[in-house]
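Residue numbers (full-length UniProt numbering): 1 to 331. Each residue gets a CB set at the ideal place from its N, CA and C atoms; glycine is no exception.
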């Protein structure tokens, strides 16, 4: 079976809940930032809530993006590691229900990873991530044959926080380059840009064909203040760049051209997964016959729809007619 996108990422189950700012202060958490925590810390935070009443879905950055590709009607595959537990089975069932190809070997010695998404009234999300079994992802899990039958691979930057998962990411990139498959990479988080700036530049100058980032990540990466200047700087090394600007839309760089994409005005409820959804829209578009401007338009509307609801997965996916209407830019 051929796939539009083969994604490599941390397999996590997202658990979302609304909280007051006071709780973030009590827990000494930096608002709007992702923090890695151990089993004990995660259990301590989650014990404050009635878990059965909370929203959950198969998550992790790359999984959110690949779910979006599938939601649009694309053919998608994902590789990650889960634990041999109910949470892991939920992860598999959730992605497979979307038609995502996923074949994993559960780890009996570790629980499935979770991401507690604490959402405040201003729609900011503060994430506590317990990677757990997802850190067991290794080079041996990367399927060369599936990559060879894909148009793009998609790598999340979060994999670079661990040596073993980083090795898996590089193995996927190696196979992709060997088979002439395009490589998309997302910066994932400003802290990662600061942690691995030189390595990220090496990736951009080397194997990466499409680089995803947001405005803050681009500024950290380039040291520049103007978003247009940031995009141009990155495009000097990367063939394609997709940089989100929050409510101001995004900028695509392709073929030496800057393609501005309008923002879509909505009342934001939860910004979780906005960048992941945007990436899913772009990847679906460019692997299914849309041009870059059409893909950006679709991605912008998808990101707007996801921030207007709770959770990183669209409660109401786009219909084929909606996709057709959104990508007909002649009207």
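Would residue 76 be called buried (16 or more neighbouring beta carbons within 10 Å of its own) or exposed? A residue is called buried once 16 or more other Cβ atoms fall within 10 Å of its Cβ, and residue 76 is buried on that count.
Where does the unbroken beta strand (DSSP E) through residue 58 begin, and where does it stop? Note, residue 58: beta strand (DSSP E), 55 to 59.
According to DSSP, is residue 48 part of a helix, a strand, or is it coil? When DSSP states are grouped into helix, strand and coil, residue 48 belongs to the coil group.
Would you call the region 33 to 46 and the region 267 to 281 in contact, with 3 or more CB pairs under 8 Å? No: fewer than three Cβ pairs fall under 8 Å.
On a Cα-Cα basis, can you pick out the residue from 315, 271, 303, 319 that is closest to residue 18? Nearest C-alpha to residue 18: 271.
Look at the alpha carbon of residue 67 and the alpha carbon of residue 158, and state the distance between them as a whole number of angstroms. The straight-line gap from Cα to Cα measures roughly 18 Å.
Euclidean distance between Cα positions of residue 177 and residue 86: A direct Cα-Cα distance of roughly 36 Å separates residue 177 from residue 86.
On the DSSP bridge list, what partners appear for residue 284? DSSP, once it has assigned bridges, lists no residue as partnering residue 284.
Test item: CB-CB of residue 11 and residue 63 under 8 Å: Yes. Within cutoff.
Identified DSSP bridge partners for residue 119: Paired residues: 18, 125.
Would you identify the three-state DSSP class for residue 294, choosing helix, strand or coil? In the structure shown, residue 294 sits in a helix (DSSP, three-state: H, G or I).
Counting Cβ pairs, one atom from each stretch, are 3 or more of them under 8 Å apart for the region 53 to 62 and the region 256 to 269? The answer is no - the region 256 to 269 does not touch the region 53 to 62, with fewer than three Cβ pairs under 8 Å.
Does the contact criterion of 3 or more C-beta pairs under 8 Å hold for the region 284 to 297 versus the region 42 to 54? With the cut-off at 8 Å, the region 284 to 297 and the region 42 to 54 do not touch.
Report whether the distance from the Cβ of residue 129 to the nearest heavy atom of the ligand COA is below 7 Å. Among the components modelled here there is no ligand, and therefore nothing to report on the ligand COA.
Cβ-based neighbour list, residue 119, same chain, cut-off 6 Å, excluding 5 preceding and 5 following: Once the five neighbours on either side are set aside, the close Cβ partners of residue 119 are 18, 125, 270.
Reference residue 248, options 296, 102, 286, closest by Cα: Nearest option by C-alpha distance: 296.
Using three-state DSSP, classify residue 312 as helix, strand or coil. Residue 312 falls in the coil class under three-state DSSP.
As assigned by DSSP and simplified to three states, the class of residue 141: In the structure shown, residue 141 adopts helical secondary structure according to DSSP, grouped into three states.
Evaluate contact between the region 100 to 110 and the region 188 to 204, counting only Cβ atoms and requiring at least three cross-stretch pairs below 8 Å. No, because fewer than three Cβ pairs between the region 100 to 110 and the region 188 to 204 fall closer than 8 Å, the two stretches do not touch.
Starting from residue 72, trace the alpha helix (DSSP H) both ways and give me its first and last residue. Counting along the chain, residue 72 falls outside any alpha helix (DSSP H), and DSSP gives it neither H nor E.
For residue 210, the nearest candidate out of 228, 80, 286 (CA to CA): The option with the nearest alpha carbon to residue 210 is 286.
With DSSP as the reference, label residue 275 as helix, strand or coil. Residue state, collapsed to three classes: helix.
Quick one: grab the DSSP three-state call for residue 289. Reduced to three states, the DSSP call for residue 289 is coil.
Under the assumption that residue 78 contacts residue 95 (Cβ atoms under 8 Å), give the Cβ distance between them as a whole number of angstroms. Yes, residue 78 and residue 95 are in contact; Cβ-Cβ is about 6 Å, under 8 Å.
Could you say which of 133, 303, 154, 147 lies nearest to residue 115 if we only look at CA atoms? Nearest C-alpha to residue 115: 133.
Report the start-end ranges of each beta strand (DSSP E) in the region 129 to 184 that is 3 residues or longer and not cut off at the edges. Entirely contained in the region 129 to 184, the beta strand (DSSP E) runs reaching 3 residues are, in chain order, 150 to 156.
Same chain, Cβ closer than 7 Å to residue 42, neighbours up to 5 away in sequence not counted: Around residue 42: 114, 116, 128, 130.
Touching or not, the region 1 to 8 and the region 148 to 166, by the rule of three or more beta carbon pairs under 8 Å? The region 1 to 8 makes contact with the region 148 to 166; the number of CB pairs closer than 8 Å reaches 3 or more.
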